[in-house]
Ligand SMILES: Cc1ncc(C[n+]2csc(CCOP(=O)(O)OP(=O)(O)O)c2C)c(N)n1
Ligand SMILES: [Mg+2]
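Dropping the structure here:
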């Protein structure tokens with residue numbers, strides 16, 4: 001199933017690479033990725049879409065939340081925010 | 001692990017050096033000093049020279065007197081390995097044995113890349129490290145400069161976190177935050193990459209402050225403050241009281257969370273037998289009647305049969321890894337209820353669906369459950385299950401050919417164990433010797449068993465022992481190594497003698513990569529590609545002597561075993577014992593890849609249950 005995640009990320013050296021690297025290392029294929037500025041210059045928003053089942057989605061959300069620079073991960077479709 | 005996590009927010013005292021001018025390198029050393037770091041493991045080089053110089057100056061101006069020995073010693077001892085990988089495993093051995101954060105400092109480029117393996121190893125086993133890497137100057141980053149490596153990219157893929165410090169004013173807070181990150185929540189290695197100009201920058205020491213990391217800290221706070229409510233406890237006990245055969249599956253989290261005492265109290269209160277993972281050894285006294293020792297691929301037959309028979313599993317800081325639950329559906333197939341407690345929300349239900357869960361500090365969770373059960377007078381009636389477990393332990397005890405004319409590794413470990421009695425710190429390489437050590441040693445307390453569990457990194461044992469001996473100068477530290485594993489970091493033999501460490505190094509020599517051969521016998525028709533070392537020329541005893549070991553011997557005869565081991569362990573300084581073991585000795589029991597515990601093979605000396613023993617295609621004859 002297609003899922004869209006919205007990630008708020010601190011603008012630190014290598015932060016984007018770590019998010020992309022996590023997805024690559026755990027075998028999740030990113031279909032689209034958009035990075036946009038937010039009103040806070042220290043924070044960017046990543047909007048990311050991928051294909052996966054529900055179980056994998058749960059893992060992706062949890063693993064992404066372990067990244068230190070990640071402020072928030074949301075899955076708007078299910079409002080699984082944290 | 002948890003207490004100091006949010007320290008910076010509560011510290012209000014002004015640091016005595018606040019407002020002083022310092023170089024970046026001095027700032028790094030001052031943070032280390034404030035964190036109580038007494039020993040550093042590392043190797044110098046161009047891009048880290050300012051930090052090493054600052055350590056030198058710190059030690060020259062801050063000598064301190066050791067209470068017991070009355071000797072003057074350096075407050076921040078520098079231990080230099082043969083290779084940075086050695087420094088990383090020393091820091092990891094120090095952390096594993098002490099529970100404190102291990103610190104390693106290396107130069108840029110090759111120094112940092114040599115550190116990748118211990119960082120990944122520590123991540124996989126949840127070991128807290130802070131690794132400081134020198135980096136080329138900020139202006140040179142990205143220019144393919146001399147000894148430049150993309151440390152933030154490389155380490156970002158394998159550490160808990162990496163900081164590349166480009167703004168010197170953030171250096172102090174960053175290094176301090178690295179310690180908080182390393183030990184908080186699920187512990188892990190944190191790398192701080194510091195360009196040389198940042199080390200040389202002139203800064204004003206603040207003496208307090210950490211990076212905000214709002215997301216991490218909010219999630220950490222939520223996990224650390226999570227409490228088990230009455231309904232959670234009631235649901236847990238309702239299921240437990242319905243169970244006839246409940247079992248605890250205890251992992252490395254018990255040790256990381258300092259929860260061994262709480263586990264002891266829980267077991268005393270409710271009587272659940274405990275099987276332990278490779279990382280959990282020492283989390284529960286393996287000599288206890290309710291201890292089932294190791295479970296999994298090379299677990300004891302009785303632990304694995306108990307898992308097969310149990311109807312309730314309580315997983316504590318354990319993650320159903322593939323060496324335990326190779327086939328998740330077949331793991332604990334009769335369990336009607338699985339409960340899991342972990343500090344990492346991502347581990348809940350990752351491999352196996354669970355019926356009850358708690359994400360939070362394990363110690364507090366166990367204390368809460370124990371208190372709840374006691375207050376409500378809840379006590380499972382487990383007499384029949386206890387009798388069953390006792391019978392499993394009796395009928396399927398670990399055993400081997402006690403009449404063998406060749407020295408058997410099991411007998412060597414048992415002999416060492418009779419002296420150590422669960423009180424020595426034991427490190428290992430990776431392979432058969434590691435599994436024999438896990439199976440045949442007693443483990444009575446946490447932090448006495450140092451092994452590369454998840455990564456399974458050969459070469460871990462010797463440097464880990466060095467780190468452990470620095471953590472516990474007066475404890476007996478034994479490295480049980482393999483002839484191939486020890487070769488990987490054999491340069492560290494010299495480190496042992498340079499620092500006069502009384503480590504006891506044992507090489508169980510089966511002339512090759514025994515574990516690889518075991519798999520080749522089982523699954524590749526005995527074609528020993530690249531695993532035989534009979535043409536190798538190394539004389540290990542001469543090598544140890546050349547590196548200054550005052551006691552170095554080769555043991556080849558069964559009748560010499562007891563006296564030689566007694567002599568070896570009694571030697572006050574660094575001692576090296578090579579034991580020529582039966583090269584055909586196998587690791588039993590074994591749950592092969594893809595097999596269930598019921599299909600475990602137990603070899604010729606551990607009775608299997610009828611069903612498995614009768615299997616005609618049992619590959620045990622191939623050992
Ligand atoms: C760095 C590394 N390379 C390769 C392996 C794969 N491997 C696992 S066990 C083993 C053999 C180890 O031989 P030895 O240290 O002599 O131990 P033994 O099994 O003979 O007791 C090998 C090559 C590994 N675990 N680590
Ligand atoms: Mg070997």
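Residue numbers (the UniProt record's numbering), protein chains in the order written: chain A, 1 to 82; chain B, 1 to 623. Quick reminder that beta carbons are idealized off the backbone N, C-alpha and C, glycines included. Quick caveat, the model's predicted, so the values are computed rather than measured.
Can you pull the DSSP bridge partners for residue 189 (chain B)? On the second chain, position 189 is the one that residue 189 (chain B) refers to. Bridge partners of residue 189 (chain B): B:129.
Quick one: is residue 18 (chain A) near chain B, going by C-beta distance under 7 Å? As a position in the first chain, residue 18 (chain A) is number 18, starting the count at 1. For residue 18 (chain A), the answer is yes, since a Cβ of chain B falls inside 7 Å of its Cβ.
Cβ of residue 68 (chain A) within 7 Å of any chain B Cβ: Position 68 of the first chain, counted from the first residue, corresponds to residue 68 (chain A). For residue 68 (chain A), the nearest CB of chain B lies under 7 Å from its own CB, placing it at the interface with that chain.
For the segment 191-217 of chain B, which residues have a CB atom closer than 8 Å to at least one CB atom of chain A, in sequence order? 213, 214, 215 and 216
Going by other Cβ atoms of all chains shown within 10 Å of its Cβ, with 16 needed for buried, is residue 227 (chain B) buried or exposed? As a position in the second chain, residue 227 (chain B) is number 227, starting the count at 1. So residue 227 (chain B) counts as exposed.
Using 6 Å as the cut-off, classify the Cβ of residue 37 (chain B) as near or not near the heavy atoms of ligand 1, replying yes or no. As a first step, residue 37 (chain B) is located in the second chain; it is residue number 37 there, counting from the start. No, Cβ of residue 37 (chain B) sits at least 6 Å from all heavy atoms of ligand 1.
So the candidates are B:463, B:585 and B:430; which of them puts its Cα closest to the Cα of residue 406 (chain B)? The residue given as residue 406 (chain B) occupies position 406 in the second chain. That would be B:585, whose Cα lies nearest to the Cα of residue 406 (chain B).
Since residue 520 (chain B) and residue 526 (chain B) are thought to touch, with beta carbons under 8 Å apart, how far apart are those beta carbons, to the nearest angstrom? What you label residue 520 (chain B) is simply residue 520 of the second chain in a count that begins at 1. What you label residue 526 (chain B) is simply residue 526 of the second chain in a count that begins at 1. Sure, about 6 Å apart at Cβ, within 8 Å.
Checking the sheet assignment: what are the DSSP bridge partners for residue 1 (chain A)? Sequence index remark: in the first chain, residue 1 (chain A) carries index 1 (1-based). Per DSSP, none; premise fails for residue 1 (chain A).
Proximity to residue 41 (chain A) [Cα-Cα], best of A:10, A:6 and A:77: Within the first chain, the letter at position 41 stands for residue 41 (chain A). Ranking A:10, A:6 and A:77 by Cα distance to residue 41 (chain A) puts A:10 first.
Is it buried or exposed, residue 134 (chain B), if we count other Cβ atoms within 10 angstroms and call 16 or more buried? Taking the first residue of the second chain as position 1, residue 134 (chain B) is located at position 134. In summary, residue 134 (chain B) is buried, with 16 or more beta-carbon neighbours lying within 10 Å of its beta-carbon over all protein chains present.
What residue from B:554, B:468 and B:457 has the CA that sits closest to residue 426 (chain B)'s CA? The residue labelled residue 426 (chain B) in the question sits at position 426 within the second chain. When only C-alpha atoms are compared, the closest one is B:468.
What span of residues does the beta strand (DSSP E) with residue 509 (chain B) cover, start to end? For this step, residue 509 (chain B) is matched to residue 509 along the second chain. Counting along the chain, the beta strand (DSSP E) containing residue 509 (chain B) begins and ends at 504-509.
Taking Cβ-Cβ distances below 7 Å as the criterion, which residues of the UniProt domain "ACT" (4-78) of chain A are in contact with chain E? The structure shown has no chain E; the protein chains it does contain are A and B.
Any chain A beta carbon closer than 7 Å to residue 489 (chain B): Within the second chain, numbered from 1, the residue matching residue 489 (chain B) stands at position 489. Not one chain A Cβ lies under 7 Å of residue 489 (chain B).
Quick one: does residue 2 (chain A) have its CB under 7 Å from some CB of chain B? As a first step, residue 2 (chain A) is located in the first chain; it is residue number 2 there, counting from the start. Not an interface residue.
Name the residues in the UniProt domain "Thiamine pyrophosphate enzyme central" (236-369) of chain B whose C-beta lies less than 7 Å from a C-beta of chain A; which are they? 345, 346 and 350
Please state whether the Cβ-Cβ distance between residue 105 (chain B) and residue 38 (chain B) is less than 7 Å. Taking the second chain and counting its residues from 1, one reaches residue 105 (chain B) at position 105. Taking the second chain and counting its residues from 1, one reaches residue 38 (chain B) at position 38. The answer is no: Cβ separation not under 7 Å.
For residue 249 (chain B), report the span of its beta strand (DSSP E) as first-last. Taking the first residue of the second chain as 1, we reach residue 249 (chain B) at position 249. Unbroken beta strand (DSSP E) run through residue 249 (chain B): 246-250.
Residue 258 (chain B) to residue 96 (chain B) span [Cα, whole Å]: If you number the second chain from 1, residue 258 (chain B) lands on position 258. If you number the second chain from 1, residue 96 (chain B) lands on position 96. If you take the alpha carbons of residue 258 (chain B) and residue 96 (chain B), they lie about 12 Å apart.
Boundaries (first-last residue) of the beta strand (DSSP E) holding residue 348 (chain B): On the second chain, position 348 is the one that residue 348 (chain B) refers to. It is not in any beta strand (DSSP E) - residue 348 (chain B) carries neither H nor E in the DSSP assignment.
Same chain, Cβ closer than 8 Å to residue 20 (chain A), five either side skipped, listed in chain order: Your numbering for residue 20 (chain A) matches position 20 in the first chain. For residue 20 (chain A), where only same-chain residues beyond five positions count, the Cβ hits under 8 Å are 30 and 33.
With which residues is residue 45 (chain A) paired in a DSSP beta bridge? As a first step, residue 45 (chain A) must be located in the first chain, where it is residue number 45. Residue 45 (chain A) is bridged by DSSP to A:8 and A:36.
Considering only their Cβ atoms, is the gap separating residue 25 (chain B) from residue 50 (chain B) smaller than 7 Å? Here residue 50 (chain B) is taken as the residue at index 50 of the second chain, counted from 1. Here residue 25 (chain B) is taken as the residue at index 25 of the second chain, counted from 1. Yes, they are a contact pair.
Roughly how many whole angstroms lie between the Cα atoms of residue 35 (chain B) and residue 184 (chain B)? Taking the second chain and counting its residues from 1, the one referred to as residue 35 (chain B) is at position 35. Taking the second chain and counting its residues from 1, the one referred to as residue 184 (chain B) is at position 184. About 14 Å.
Would DSSP call residue 494 (chain B) helix, strand or coil? As a working note, residue 494 (chain B) is residue 494 in the second chain. The answer is helix: DSSP assigns residue 494 (chain B) an H, G or I state.
Can you give me the Cβ contacts of residue 501 (chain B) inside the same chain, cut-off strictly under 7 Å, excluding the 5 residues immediately before and after it? As a first step, residue 501 (chain B) is located in the second chain; it is residue number 501 there, counting from the start. Hits under 7 Å: 466, 469 and 574.
When burial is assigned at 16 or more other CB atoms within 10 Å of the CB, is residue 2 (chain A) buried or exposed? In the first chain, the residue the question calls residue 2 (chain A) occupies position 2. So residue 2 (chain A) ends up on the exposed side.
Among A:26, A:5, A:8 and A:12, which residue has its Cα nearest to the Cα of residue 158 (chain B)? Here residue 158 (chain B) refers to the residue found at position 158 of the second chain. For residue 158 (chain B), the closest of A:26, A:5, A:8 and A:12 by C-alpha to C-alpha distance is A:26.
For residue 3 (chain B), count neighbouring Cβ atoms within 10 angstroms of its own Cβ and tell me buried if that reaches 16, exposed if not. On the second chain, position 3 is the one that residue 3 (chain B) refers to. With a pLDDT of 43 at residue 3 (chain B), under the threshold of 50, the modelled position of that residue is not reliable, and no figure is offered here.
Under 8 Å: do the segment 14-24 of chain B and the segment 245-260 of chain B share three or more Cβ pairs, one atom per stretch? no
On the CB-based measure, 16 or more other CB atoms within 10 Å of its CB, does residue 622 (chain B) come out buried or exposed? Taking the second chain and counting its residues from 1, one reaches residue 622 (chain B) at position 622. Only weak support exists for where residue 622 (chain B) lies, its pLDDT of 39 falling under 50; the value from the coordinates is given anyway. Residue 622 (chain B) comes out exposed.
Grab the span of the alpha helix (DSSP H) containing residue 357 (chain B) for me, first residue to last. As a first step, residue 357 (chain B) must be located in the second chain, where it is residue number 357. Looking at the DSSP string, residue 357 (chain B) is not in any alpha helix (DSSP H); the run it does join, the beta strand (DSSP E), is 356-359.
Kindly provide the ranges of any beta strand (DSSP E) runs that are 3 or more residues long and lie completely inside the segment 145-198 of chain B, ordered along the chain. 161-164 and 189-195
Taking residue 555 (chain B) as the reference, which of B:53, B:98, B:16 and B:412 has the closest Cα? For this step, residue 555 (chain B) is matched to residue 555 along the second chain. It is B:412.
What does a CB cutoff of less than 8 Å around residue 415 (chain B) pick up in its chain, not counting 5 residues either side in sequence? Start at 1 with the first residue of the second chain, and residue 415 (chain B) comes out as number 415. Closer than 8 Å at the Cβ level, and outside the excluded window around residue 415 (chain B), lie 561, 562 and 565.
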